[in-house]
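Undergrad: For reference, the structure I am asking about is given below.
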Amino acid sequence: MSDDEQLEQLINQTLDGALAMIPSYMSEIEQNQDELKVSNVKEFVYGIVMGMALGMASTAVAAVRQGIPTEQDQIKIRDLIYSKIPQVRERIFS
């Protein structure tokens, strides 16, 4: 398996984990609405999921590569995660 294929597989696994948490995030935010004062729960969850995906993927790449991801790695991570935006939005907003 090439480095790019490994990276894509790692990112897909990371994103799948973040997507699996959507129902939990929605419920938790709605239950704590008085404290959080979130005006749009779905947009807020979208931000959480995208932030988690970017952060966790970068951390996973750092662990695999045993060092800070290069600028090229970070660009690949961003591009792969951004390519999944339609699926992420569909999962949250449907």
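Numbered by our numbering, the letters in the sequence shown go through residues 301 to 394 in order. In this text, a Cβ means the ideal position worked out from N, Cα and C, and glycines have one as well. As the structure is a prediction and not an experimental result, all values here were calculated from the model.
(1) Between the alpha carbons of I385 and G351, how many angstroms are there, rounded?
(2) How would you call A363, buried or exposed, if buried means at least 16 neighbouring beta carbons within 10 angstroms?
(3) Do L315 and A353 have their CB atoms nearer than 8 Å?
(4) Roughly how many angstroms separate the alpha carbons of I329 and Y382, rounded to a whole number?
(5) Give me the residue from I322, G355, D334 and M301 with the minimum Cα distance to E343.
TA: Short version:
(1) CA-CA distance, I385 to G351, rounds to 12 Å.
(2) So A363 counts as exposed.
(3) yes
(4) 24 Å
(5) I322
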